[in-house]
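As structure tokens, the structure follows; a few thoughts come after it.
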Amino acid sequence: MGADEKLMIRIFGRKVPNDITFKELSRFLINIGFILQTHKGAHYNFKHPNLVYILTIDSHDERKPVNKVYINKVKEALEELGINGEEK
Numbered sequence: 235m236g237a238d239e240k241l242m243i244r245i246f247g248r249k250v251p252n253d254i255t256f257k258e259l260s261r262f263l264i265n266i267g268f269i270l271q272t273h274k275g276a277h278y279n280f281k282h283p284n285l286v287y288i289l290t291i292d293s294h295d296e297r298k299p300v301n302k303v304y305i306n307k308v309k310e311a312l313e314e315l316g317i318n319g320e321e322k
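Our numbering applies: residue 235 is where the sequence shown begins, and numbers increase by one.
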């Protein structure tokens with residue numbers, strides 16, 4: 235099981251993780267098809283071709299954990315894409 239699969243399992247776990255760094259999360263999003271469109275200050279905008287909206291994630295330091303609110307937004311976006319954290 236690779237790092238992306240492990241991160242997805244953590245995102246879809248019972249409890250929202252509070253230890254996922256921005257670096258981990260952005261690598262994961264890019265690996266599953268998101269594109270980092272713009273970056274202004276601490277706000278990073280990710281776009282996926284199959285979503286009609288832009289996913290904005292706030293991070294002041296890529297090594298610090300991302301706020302749970304943004305993890306929930308990522309989870310919702312993944313669910314809209316048909317990704318639910320279960321292995322196929």
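Just so it is clear, CB atoms sit at the ideal spot from N, CA and C, and this is done for glycine as well.
Taking C-beta atoms as the reference points, I317 and K307 fail to come closer than 9 Å. Counted as a single uninterrupted DSSP element, the alpha helix (DSSP H) harbouring N306 occupies residues 302 to 314. Secondary structure of D238 (DSSP, three-state): helix.
Each residue's CA atom was taken as its position, placing N265 and K309 some 15 Å apart.
Take the alpha-carbon of H273 and the one of H294: they are about 12 Å apart. In the same chain as I245, and ignoring 5 residues on each side of it, the C-beta atoms closer than 8 Å to its own belong to P251, I254, I305, V308, K309, L312, G319, in chain order. For I269, the closest of R248, G275, L285 by C-alpha to C-alpha distance is L285.
Secondary structure note for K281: its beta strand (DSSP E) is the uninterrupted segment 277 to 281.
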